[in-house]
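Below: one structure, written as structure tokens.
Number of protein chains: 2
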Amino acid sequence: MRTVDPVKHAAKKRHITDTAAGLFAEKGFDRTTVADICKAADISTGSLFHYFPTKRAIFREIFEQDGKDNAEILARAGELSPWDGVLMVIDHLCVPALDRSVAGLVLEVVAQASRDPELWELVARNEQAVRDELAVLLQRAHDAGQIKLPVSARTAATWAQGLVDGLYGRLVDPDFDATAQVSTLRLILSRFVGAQAP
Amino acid sequence: MRTVDPVKHAAKKRHITDTAAGLFAEKGFDRTTVADICKAADISTGSLFHYFPTKRAIFREIFEQDGKDNAEILARAGELSPWDGVLMVIDHLCVPALDRSVAGLVLEVVAQASRDPELWELVARNEQAVRDELAVLLQRAHDAGQIKLPVSARTAATWAQGLVDGLYGRLVDPDFDATAQVSTLRLILSRFVGAQAP
DNA sequence: GTCTATACTTGGATAGAC
DNA sequence: GTCTATCCAAGTATAGAC
């Protein structure tokens, strides 16, 4: 008979990652201390290190969850008409941008990933999966005559992601209205790949 | 009679910022220690703090220099035909992306700026100047019939910057060839604003 | 002006009682 | 499993000799 309740264990881990995510987004990874997290989560350091071996491990856990969410969306996009699928994936990628507090986290993960190989691998695999699926959808849309690609499907997919990055980059400007700009993003992408005006 | 030679003083400051910039790009701001900088620049900590009050001040100095370079380019762009001016500014913004080591520095400044008000002000002023000039050039190009803007000149200018951000975001992918992709960036922008294919 | 040595602070992680 | 107390390392910045 096990003494640990796996459900409770997972719930507590989740509580810690959720709390930490807010702090990382606000102050950045390096400037958020373990003490900060413990205080916010209302636990002791001893307890925190019972659940996670290091501070970095907490950070990684946050993005592992994110990868699983993504995979689900990609699967659903494959069921639509190709171009609609592309737009759906793009819309989904833009969702976090609409929540101000999440934006800081995205900037942080990019900055950290280039120096943390394990985190990098996680992020890269995730981006790769999105890019591959976008490339497939774009090629299909092209073959079906919905769009007319001026570059390879792969390059187009890369730039679709680049446009989303551009959206995130602009978020640091307090005057930038992300919600309104998502439609401009769609317009730019549509014109790029020769789709009908949306 | 002054005991300090202002030329030598400036040269030494420059030596420190150049050395530090390389380290910041490679390891990030927070993970680069003052000791690291001193070792690489071959000076002592005492000496370093004679030239800069804090570590952050070194970081800021790097980007102050950058702002001055930018202002010069913007002035020259105003002398060309409007659309050529736009393309020249964009090309200039892309130059740092071609140097791998500088890319890390760009990611770092974005991550840091949201938490350092003084640095933020520096970066924001710089971006604002670029955006204003781009908006003016785009509007003139539109009025001259070189392009046909589907959105306000200001929004278009913002997205021109967003595209450049997208380029930087893709740099973390080791397979991404920045040099080749600058032309794709120009294609996307051209189609967006209804310019002749370049 | 530049160095060496070091004071002072903070932070990540651990030990051991309960 | 959770806490308190604490260790040890690293980091910024300063003091004071030269």
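So the sequences go chain by chain: A and B. Sequential numbering of the first sequence, starting at 1, is according to the UniProt record's numbering. Sequential numbering of the second sequence, starting at 1, is according to the UniProt record's numbering. Using N, Cα and C, we set each Cβ at its ideal position, and we do this for glycine too.
Check the Cα spacing between B:Leu105 and each of B:Asp143, B:Val136 and B:Arg60: the tightest is with B:Arg60.
For A:Ile58, not one C-beta of chain B is nearer than 8 Å to its own C-beta. Assignment of alpha helix (DSSP H) within the stretch 120-175 of chain B, counting only whole runs of 4 or more residues, yields 153-170 in chain order. A:Ala157 and A:Leu189 have their C-alpha atoms roughly 10 Å apart.
Between the stretch 158-170 of chain A and the stretch 86-96 of chain A there are three or more C-beta pairs closer than 8 Å, enough to call the two in contact.
Only those residues of the stretch 164-179 of chain B whose C-beta falls short of 8 Å from the nearest C-beta of chain A are listed: Val164, Asp165, Gly166, Leu167, Tyr168, Gly169, Arg170, Val172, Asp173 and Phe176. The beta carbon of A:Gly28 sits closer than 7 Å to the beta carbons of Glu108 from its chain, once the five residues preceding and following it are set aside; these are given in chain order. According to the DSSP assignment, B:Ala35 belongs to the alpha helix (DSSP H) that extends over Val34 to Ala41. For B:Ala195, the three-state secondary structure derived from DSSP is coil. Taking 7 Å as the upper bound on Cβ-Cβ separation, chain A lies near no residue of the stretch 84-102 of chain B.
Selection B:Leu122, B:Ile37 and B:Ser183 evaluated against B:Asp18 yields B:Ile37 as nearest (Cα-Cα). Inclusion of A:Gln139 and A:Ala153 in the CB contact set at 8 Å is warranted, their separation being smaller than that value. For the C-beta of B:Val110, the chain A residues within less than 9 Å are, from N- to C-terminus, Leu107, Val110, Ala111, Gly169 and Val172. Counting only runs of 4 or more residues that sit fully inside the stretch 40-111 of chain B, the alpha helix (DSSP H) segments are 45-51, 55-77 and 82-98, in chain order.
For B:Arg14, the uninterrupted alpha helix (DSSP H) segment begins and ends at Pro6 to Lys27. Scanning chain A for C-beta atoms nearer than 9 Å to the C-beta of B:Asp30 yields Gly28, Phe29, Asp30 and Arg31, reported in chain order. Beyond the five residues adjoining it in sequence on each side, A:Asp143 comes within less than 7 Å, by CB distance, of no other residue in the same chain. B:Leu187 has its alpha-carbon roughly 12 Å from the corresponding atom of A:Leu149.
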